[in-house]
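A.B. asks: Can you read through this structure? Questions will come right after.
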Amino acid sequence: MVICGGLDLAARPYRPTGVAVVRATSDFKFEILYVDEVYSNEEIVSSLVKFSPVAVAIDSPLALPRRGGLREVDHALIRAGFRVLPPVWASMRELTLRAQKLMKVLENYGIEVIETHPRSSVKSSSCSSVQELLEVLGINVSRRLTRHEADSIVASLVCVYYKNSKALVFRASNGEIALLPQICQHSL
7 MVICGGLDLA
17 ARPYRPTGVA
27 VVRATSDFKF
37 EILYVDEVYS
47 NEEIVSSLVK
57 FSPVAVAIDS
67 PLALPRRGGL
77 REVDHALIRA
87 GFRVLPPVWA
97 SMRELTLRAQ
107 KLMKVLENYG
117 IEVIETHPRS
127 SVKSSSCSSV
137 QELLEVLGIN
147 VSRRLTRHEA
157 DSIVASLVCV
167 YYKNSKALVF
177 RASNGEIALL
187 PQICQHSL
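Residues are numbered in the working numbering as their position in the sequence shown, beginning at 1, plus a constant of 6.
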């Protein structure tokens, strides 16, 4: 059994951040323990640590490029057919700096922090949508999710697969990005 968190992080605290926490068994049966939108770093941290996750996957770059607009790991994703935004764009830079602050706080709680990209994860899963992904995994959500909540659930699922060494991981000298493995099976 593993408990993982996921964040669809906003660059600024006055915009909503999606937070999800899931529990998963070793055979990938999932239970959503928490999903909501919060705003401040304090709300993000408190909503996660009360569940004692082993790790949290964040939809944000965790490092800036040493030079140029993209990191080597971003180039690896692009070569594989995924779309990512340059961490040096003003809003992405803000997002990255906020993620780095949160990473330090979460690591002080003993929580591993993983970088992910939920939209690319849905694509890598071969599912057509977040809704299909949740259905295939047997995850029932009793209410309509916001985009931020849905992305935070995807991030938390990436975290579970990562902790079970089943994630699709792109590595480079300046970071790694974890995505979902193929989950949906579509016939032609």
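C-beta: ideal position from N, C-alpha, C; glycine also.
By a C-beta neighbour count over all protein chains shown, 10 Å radius and 16 as the cutoff for buried, is residue 127 buried or exposed?
C.D. replies: buried
A.B. asks: What do you reckon, are the CB atoms on residue 16 and residue 158 nearer than 8 Å?
C.D. replies: no
A.B. asks: Which word fits residue 86, buried or exposed, when buried means at least 16 other C-beta atoms lie within 10 angstroms of its C-beta?
C.D. replies: exposed
A.B. asks: Considering Cα atoms alone, identify which of 190, 138 and 61 is closest to residue 110.
C.D. replies: Residue 61 is the option with its Cα nearest to residue 110.
A.B. asks: My parser needs the beta strand (DSSP E) runs of 3 or more residues fully inside the region 86-139; what are they?
C.D. replies: 118-122
A.B. asks: For residue 102, count the other beta carbons within 10 Å of its own beta carbon; 16 or more makes it buried, fewer makes it exposed. Which is it?
C.D. replies: Residue 102 comes out buried.
A.B. asks: Are the beta-carbon atoms belonging to residue 68 and residue 119 less than 8 Å from one another?
C.D. replies: yes
A.B. asks: If you draw a straight line from the alpha carbon of residue 141 to that of residue 88, how long is it in whole angstroms?
C.D. replies: 23 Å
A.B. asks: Would you check if the region 73-83 and the region 130-145 touch, i.e. whether three or more CB-CB distances between them fall below 8 Å?
C.D. replies: no
A.B. asks: Near residue 56, what residues of its chain come up, given a Cβ to Cβ distance below 8 Å and the 5 sequence neighbours on each side ignored?
C.D. replies: none
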